[in-house]
Amino acid sequence: TLNVRGLRNRRRQCHLKHLFERCSVNVAAIQETKLASDVDTESALDLFVPEYNVIVSHSKGLSGGCMLFLSNALHMTDLSYCIDDEGRLICCDLAISGQQWRIICVYAPVQQRERKVFFLSLANLLRTDREILLLGDFNCVCNTEDRSVYQRRYDPSSAILSDLVCEHNLVDIGRLKSDSVHFTHFQSSSNARLDRIYVSASILSRVHGYWVRPIFFSDHCMVSAQIGRYTRRLLQPRWELWKLNNSILTDEIFQRAVAACFKDTWARTDLSFFQRWDLFKQEVKNLAIEASSRITFMKRLHFRELGRTLNELHELERITPGSYLDDINNIKAQMQQFCAEKYQGALIRSRTQRFVNEQPSRRALNDERQAALSKEVLEIRYGGNTYNDTPGILGAFFDYYMRLFGGNGNQISGSDLSHFREAFPRLEDEQRAVVEGPLSLVEVESAISALQSQKSPGPDGLTSEFYKTFMPFLAPALLEVFSAAYDVGLLPPTFYTGHTILIPKSSDADRLKTVEGYRPISLCNVDYKIFAKVLSSRLQLVALDLLGPHQVCGIRGRSIQNHIHIARSVLETVSDDISQVALIQIDLAKAFDKVRHDFLFAVLENANIGDVLLKGIEMCYKASTTRLIVNQKLTPPIPLKSSVRQGCPLSPLLFALYLEPLCLSIIKNTAISGFSLLQYEFKILAYADDIAIFCSDKKSVLEALHVTEKFCESSGATLNLDKSKGFWLGYWGTKPSLFGGIRWDSEDLHYLGVPLHQHRNSGPHWDSQISSLKRQTQAWMGRELSVFARAQVCNIFLVSKLIYVMQVLHCARKKVPAMHRIFATFVWRAQWEPMRRDNLFLPLESGGTGLQHLFVHQLVSRFFFFKTANHPFLVAVLNRRLSAHVPILFAPTGHRSDRPLWGFLKEVADTFHFLTVRFSLEYLYSLSRKQMSNVLIESLFPVPMYWQPYLSFLDKSVLKRVHRMCVQSAAKTFFFKLHTSTLPVKVWLHAKGMFVPWSVNCRLCQQPETIDHCFVFCRDAVFFWDILQRTLKKDIEITPYSIRFLSMRGSEVPCDLFVLMGLFSLWKSRMRDRHAEPQRSSKSLFREQCALVRGVYAAQGPPPVWLPLLDACVCFPDF
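Numbers 1 to 1119, taken from full-length UniProt numbering, label the letters of the sequence shown in order.
Below, the structure is given as structure tokens:
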């Protein structure tokens, strides 16, 4: 049992999970979760769902909330439960190994009167024939020895609880199984044993252990007992799924060992380059395992020493209450830092590391619970059978992908190619010369540098960070390996091996029970990726010549937005001209997985790409195999006779070349009439396998589908008629719902993720986005993030999705402030905004948070739309519709161009007038997107009021420095409020019209409590800064300006870091007094902050020269 004092914080949830794992907990009663909503509860339980059944009693108000965790390893049956309405009681009946149990989790009220009623209500629950386990936080003691301070007042609730325990034959395990009293709650000098476990006397003989463990993230101890014999199951390591731990790359011993290993291995002339390379990788794996074991052992040894010290301090605190609280807090801070590193490692493995480390990643988990569940497939239906066991599930996936990747077994014939040979793309000899020539060291080094970090490695387990770290000697070695491969026509054996993970395509539970419900993603070895990246970079040099403008996926210089603009412009033109067009969205089933290699290489040979590229790509696909990872198990190898691997750097371009004959066949087919405007006609748009065909009549529709079917017969692709869909756009005589074998519609047109059917009225879309933003920000509320990190969360996870659609679809101005308000309240983590909202959109160097402004993005995207529009169709549309509204840029076309503008193009014209009134056209055309955004921010938003008094000598780098500091996120948020003069001091609260009890004066000095008084002139602050300067042996100027801009720089000692920790400690001490929490001095809180920061810098590698100053501050003297 444990009182956690709130479980909304994600870090605390992970600490609790690790605590359960470390102590092998089967049953846990958790109190004071403070979780009141289903959203918060679901988010908190993400980490525990796979291993535990969890019963929840939601909190009411600011306190309360209980959870009962029951491990699935107990093999429970006949489970039933009841909960109360106040979040204080859970009663669960269940059977374990045939024995009937009743487990009761309690969180008794603090007030005596309420606690008395609460205990009386327990009487009915204790009347049972089952074995009883009663545990929780009782908020009272039944014996005077269980409290350090004698309580003179009579507590009737304690008497009622004692009577209940005696009447129902319950025993207190802590009193009978422990030699001395172990307090479980420490509050100043008043310590007590509030957390207890009672069991039925009949099972007391089966209780084999009792422990009271101090917990660093709570002021309560965890009380635990062992009932029955338990043997901990040791997990066997899975070496076939081993991955390099990137944290050891900074270890000097490991670095020297790798360098020596490479030197010895590469000097062996008796081995070929392939043998040397594979031997070196195996030796690196052994060295990495050894280094990880050594580092982990030392860390665990240090953590156990901290745990022993904490237990000793708790024992001393029990004897002399109040004497060792500061030392206990310091040890807890060091333990918290250790667990924070472990938590950070878990987040790296789950792809969520960057946003917790104040740097949100570009690709966040959409839902951590979904990600956890997707790691395990529990049931699969395949071949008319249902499989629930791992061998059966493995067999179903293996058989399916063996058939999918094995090809159809038939070689391509000349007749198959005859229909499309003329449509094959081809380079001229002069263009081919660009990609000829042997591979160079510069290319290999560029490929290594371009590798993405934090990506899963292949079967050898070596990560991209490893290659970047040792690039000086690995790059030349890899070049020798690649050259040897060209000599023998084969790559090293490990290049051909890979793993395939299965990613759920949707959250539909029924679909996830089928093998088709998962998308295969290849995990290739990084050395293979480097070779493929070199080839891909060369192929990019001629991609624009090989692939027409209808294909934009994976091609530098082409954008997906261009296709969406074209599709939207078609809809607008059809609507204005009262014309018609049919849009067919082609769906190719398992498009990437059904690419026939013989067809692909026939296209490549005809493309005249040269021997280097052609031979290199042939080597990549000559003898490739993959093994599926399902439920952390590996299937036997599967030969890859078809497919381009999703995860290989070559795949996007190879698939585009594979699809190019289809695109060119439709374009050159005179029987297919596309959409025409001003003598320009286009027929097809493609983004990888997202294919859209435009036809002006039904005969063209049938011909386009016929050509597609012929392509599928020749190339191995499969046209999925069920998922392919058509749209009758404009004014057709008849609009059949089934035509050409596919379904047709006139509404609900989504193209590349954009709802184009709302091109006239996009209000419903943005209303739904506003509702979605509210839900998403609510889900992020439990994260322990600073205001800077919250702004980055908005930019990366929220704003980016909005901008993607906003770049191509009009958005009413009134919708933008509604979305901005959601961002602002999320950043402030409040329902109201304490200062002018525009300040948040300023960059850090201008006093803001760098939050993205949607209207500015809207202006920039509209301007660059007509600035960069070079597609003939888009140019024709702009000339036709904007010539009367923007005559300086567009010439009249002879068609009516004076029609009122609406939708997206109206915003384009408005943007042009808005910008040209403020800037010259020549200046606007000289700016990049980023430069234009910065210029608009600077011109539209004034200098913030909190900078006005210091304009002549302000330091603009302060917020950037604070953002990079290794301090708690709460400290960064505190400083931003101090810097922006929104810190809730009493004078500020009174000025905002809020009630401030007992006047606005400081309780220590009886002077108005302003920011300057709290941190510069208050008696507590004066003494604190004097002792800090003596400890650091530095003169630090403490003024109203210096506390806001941390201007104490100029030496190798980061005095601004120490001042920030001091400011935060002074504020936390003041807030504990204001909120009537157990008082802690600023000295004690400063020690805790220094212990946390010291742990961070000690774990980051070579310690800074000023680290001893942190040691001195951990022993900060009294004042």
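The beta-carbon is built from N, C-alpha and C at its ideal position, and this holds for glycine as well. Owing to the predicted nature of the structure, the values given are computational and were not obtained by experimental measurement.
A distance of 9 Å or more separates the beta carbons of Thr973 and Asn839. Around the beta carbon of Asn3, 16 or more other beta carbons lie within 10 angstroms, which makes this residue buried.
In this structure, the alpha-carbon of Cys261 lies about 24 Å from that of Tyr496. Rounded to whole angstroms, the gap between the alpha carbons of Leu924 and Ser569 is 25 Å. Boundaries of the beta strand (DSSP E) around Gln31: 27 to 31. If you look at Leu653, you'll find it in the alpha helix (DSSP H) that goes 651 to 668. Under a 10 Å Cβ-count criterion, Phe280 is classified as buried, with 16 or more other Cβ atoms of the shown protein chains found around its own Cβ.
In this structure, Val27 is the residue among Ser700, Val856, Val27, Asp251 with its C-alpha nearest to the C-alpha of Gln226.
Residue range 763 to 780 is occupied by the alpha helix (DSSP H) that includes Gln776. Per the DSSP secondary-structure output, Ser559 pairs with nothing in a beta bridge. The three-state secondary structure of Asp78, taken from DSSP, is strand. In this structure, Phe592 lies near Gln646, with their beta-carbon atoms less than 9 Å apart.
Rounded to the nearest whole angstrom, the CA to CA distance from Gly1062 to Ser1082 is 8 Å.
When C-beta atoms of the stretch 882 to 889 are compared with those of the stretch 837 to 854, fewer than three pairs fall below 8 Å, so the two segments do not count as touching. Pairwise C-beta distances place the stretch 81 to 88 in contact with the stretch 98 to 111, as three or more of them are shorter than 8 Å.
Contact fails between the stretch 471 to 482 and the stretch 285 to 296, because fewer than three Cβ pairs, one in each stretch, are under 8 Å apart.
For Phe866, the secondary structure class from DSSP, reduced to helix, strand or coil, is helix. When DSSP states are grouped into helix, strand and coil, Asp389 belongs to the coil group. Each residue's CA atom was taken as its position, placing Ala991 and Asn191 some 40 Å apart. Selection Gly674, Leu1085, Asp172 evaluated against Tyr210 yields Asp172 as nearest (Cα-Cα). The beta-carbon separation of Val603 and Ser643, rounded to 15 Å, does not stay under the 8 Å limit for a contact.
Across the set Ser665, Arg1030, Gln1079, Gly392, the C-alpha of Arg1030 shows the shortest separation from the C-alpha of Pro1117. Of the residues Asn879, Arg821, Phe863, the one whose Cα lies closest to the Cα of His853 is Arg821.
A check of alpha carbon separations from Ala824 across Thr265, Gly753, Phe788, Ser224 identifies Phe788 as the nearest. Two segments are said to touch when three or more pairs of C-beta atoms, one from each, lie closer than 8 Å; by this definition the stretch 17 to 37 touches the stretch 64 to 73. Counted as a single uninterrupted DSSP element, the beta strand (DSSP E) harbouring Trp211 occupies residues 207 to 214.
In terms of CA proximity to Arg308, Phe216 leads the group Leu249, Phe216, Thr320. Non-local C-beta neighbours of Met619 in its own chain, meaning closer than 7 Å and more than five positions away in sequence, comprise Ala485, Gly489, Leu490, Leu491, ordered along the chain. By the Cβ rule, the stretch 624 to 638 does not count as touching the stretch 531 to 549, because fewer than three pairs are nearer than 8 Å. Excluding sequence positions up to five before and after Thr1010, its CB lies within less than 7 Å of the CB of Val985, Val987, all in the same chain and listed in chain order. For Asp690, the uninterrupted beta strand (DSSP E) run begins and ends at 690 to 695, by DSSP. Runs of the alpha helix (DSSP H) spanning 4 or more residues and lying entirely within the stretch 1041 to 1086 occur at 1055 to 1074, in chain order. Counting C-beta pairs closer than 8 Å gives three or more between the stretch 385 to 403 and the stretch 629 to 638, which meets the contact rule. A check of alpha carbon separations from Gly548 across Ser537, Ser536, His563, Glu379 identifies His563 as the nearest.
The DSSP-derived three-state label of Glu376 is coil. Using a Cβ distance threshold of 9 Å, Asp689 and Leu664 do not count as a contacting pair.
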